[in-house]
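Student: Here it is, the structure in full.
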Amino acid sequence: MAIVAGIDSSTTRTRIVACDADTGEVLRSGKAAHPDSEASRARSTEADPQSWLHSLGDAAHGGLLEGVRAIGVSAQRHSLIGLDAGGVLVRPVLLWTDPRSSGAAAQLVDALGGPAAWTSAIGAVPAATYTIAKLRWLAEFEPANARRIAEVLLPHDWLVWQLLGHPQRRTTDRGDASGTGYWSPITGEYRQDLVKLALGHELTRLPEVLAPNEPAGHTPEGLLISAGTGDNMAAALGLGLEPGDAVVSLGASGTVFALHDEPVVDPSGTVSSFADATGRHLPMVGTLNAAGVLRSTAQLLGVDLEQLSELALRSTPGAYGLVLLPYLDGERTPRLPHAAGTLHGLRADSMRPEHLARAAVEGMLCNIADALDRLRAKGMTIRRVFLLGAVGRLPAVRDIASLIFNTTVVIPPPGDHAARGAARQAAWALTGTPEPPRWELPGATVLEPERDQPFGNAVRQQFGVVRDQVHPEIAGMA
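To convert, count from 1 in the sequence shown and add 531; that's my numbering.
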């Protein structure tokens, strides 16, 4: 039995899984938090990348990697690791979560001619998270550091480079490259003109973009290292997404993406077109409000999330006429940056905790369903929705999602899906086959929609009527 391993390095920790290369069965796993570095203590959105290596070593203790023949690496996307001409780190890593580049992103959008110009160039409109926005921020606020930067690596690129022993060759993959803002998933080419627009000069070295099943190389000990990828792309690989599948990830904000054969160009910028780790594409839509809506409602009612779920299931579809527009922090999709939440339909018989709990769950999920419709409007057929996040496993969220999405809903078991996806990529690189090995996803809960969906359709219709009455300005938004 060949054994492969997947490493996933997030903003806070490293997770490792060792898997059977043929079946994907997880044989061993480990995790460790990144140790505090001087950079992270000074600012939580900066890091010393050496801390990632320390946590990798801690996570691999106890012989976790014993017998492993190939390793794949997944890591947080968009971040900026700037190196000088000698390959030396110029400054601490700017993580994707650093908000200081939001103004720089807006400047870049204007400098190229607006959202439509960017979506035509790279399939997306750069936000503060993007590497290119961080380059623009450096050029403005740390010009001396900006001038020193000769090359830029992403976290997974840097980890692969370290594992390979610092070779002259630098590599990346389509998925992670598509989040930089200067590599186009539409053309498959770098845009040095966009780098210069942001940084003031072109990069002297750009990582080679590997094919999905192409190895990055071998470690000094002889272990094969696959191309690696970003965390969303690795999670899609770990879940075994196929065309027609979408993922809804319910964190504090919501991330909705679907596997598609073609890149998507959305002039409005609502849909961002990223590449995936298989040669296909992952068009993505983001919402600002997701699990945070339920946490805020639970706090208001004086309950925890499990109790909120129990309350919601005591109500009925439509929550006795209560509709919550869940734009508590403004909203990205639909574009309502200055909006607030709205609770509509208060009557004497609807002012009960169970109805408010139900309205919160329905409102959050109707907003996600609107995001799914943005993908459908761009030509994507969605037959299955994978629901991720701890909130997605709440009984009320699971049941109401199958009602509102009106499609098959898959609840994967808790697990390190990105790390497992990185391991699957390693198995693929080990065999060199045209397609990745087929790995089943054991323990998933599958909820099929009912043939007749009058309740779900009515809830969405009720939500849509209130949404359009309160926010008529979004009616014409693409």
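Here a beta-carbon is modelled for each residue, glycine too, at the ideal position from N, C-alpha and C. Model, not experiment: these values are computed from the prediction.
Any heavy atom of the ligand GTP within a distance shorter than 8 Å of the CB on residue 993?
Tutor: This structure simply doesn't include the ligand GTP, nor any ligand for that matter.
Student: As a quick exercise: from 854, 844, 976 and 781, pick the residue whose alpha carbon is nearest that of residue 922.
Tutor: 781
Student: From the DSSP output, in three-state form, read off residue 815 for me.
Tutor: strand
Student: Roughly how far, in whole angstroms, is the beta-carbon of residue 948 from the beta-carbon of residue 770, given that I think they are within contact range, below 8 Å?
Tutor: 6 Å
Student: Taking 8 Å as the cut-off, does the segment 705-713 touch the segment 747-762 (at least 3 CB pairs, one atom from each stretch)?
Tutor: yes
Student: Just the Cα atoms here: how many angstroms apart are residue 698 and residue 536?
Tutor: 22 Å
Student: Pick from 844, 915 and 877: whose alpha carbon is nearest that of residue 787?
Tutor: 915
Student: At the level of alpha carbons, what is the spacing between residue 635 and residue 664?
Tutor: Linking residue 635 to residue 664 through their CA atoms gives a straight-line distance of about 6 Å.
Student: Given that a residue counts as buried once 16 or more other Cβ atoms are within 10 Å of its Cβ, and exposed if not, what is residue 763?
Tutor: By the Cβ neighbour-count rule, residue 763 is buried, with 16 or more other Cβ atoms within 10 Å of its own.
Student: What does the alpha-carbon distance come out to for the pair residue 952 and residue 985?
Tutor: 38 Å
Student: Using a Cβ distance threshold of 8 Å, determine whether the segment 958-973 contacts the segment 607-625, with at least three qualifying pairs required.
Tutor: no
Student: Would you mind giving the Cβ-Cβ distance between residue 796 and residue 717, rounded to the nearest angstrom? I have them listed as a contact below 8 Å.
Tutor: Rounded to the nearest angstrom, the Cβ distance from residue 796 to residue 717 is 7 Å, consistent with a contact under 8 Å.
Student: I'd like to check one pair, residue 938 with residue 884: are the Cβ atoms closer than 9 Å?
Tutor: no
Student: Give me, in chain order, the residues of the same chain whose beta-carbon lies closer than 6 Å to that of residue 816; leave out the 5 immediate sequence neighbours on both sides.
Tutor: 787, 802, 864, 902 and 905
Student: Please go through the same chain and pick out, in chain order, the residues whose beta-carbon is closer than 6 Å to the beta-carbon of residue 557, but skip the five residues on each side of it.
Tutor: So the qualifying residues of the chain are 548 and 550.
Student: Can you list, in chain order, the stretches of the alpha helix (DSSP H) that have 4 or more residues and sit fully within the segment 649-721?
Tutor: 662-672, 674-679, 686-694 and 705-708
Student: Assign residue 999 to one of three DSSP states: helix, strand, or coil.
Tutor: helix
Student: Looking only at DSSP bridge pairs, what is residue 897 linked to?
Tutor: Answer is none; residue 897 lacks a bridge partner.
Student: I'd like to know whether the C-beta atoms of residue 701 and residue 692 end up nearer to each other than 9 Å.
Tutor: yes
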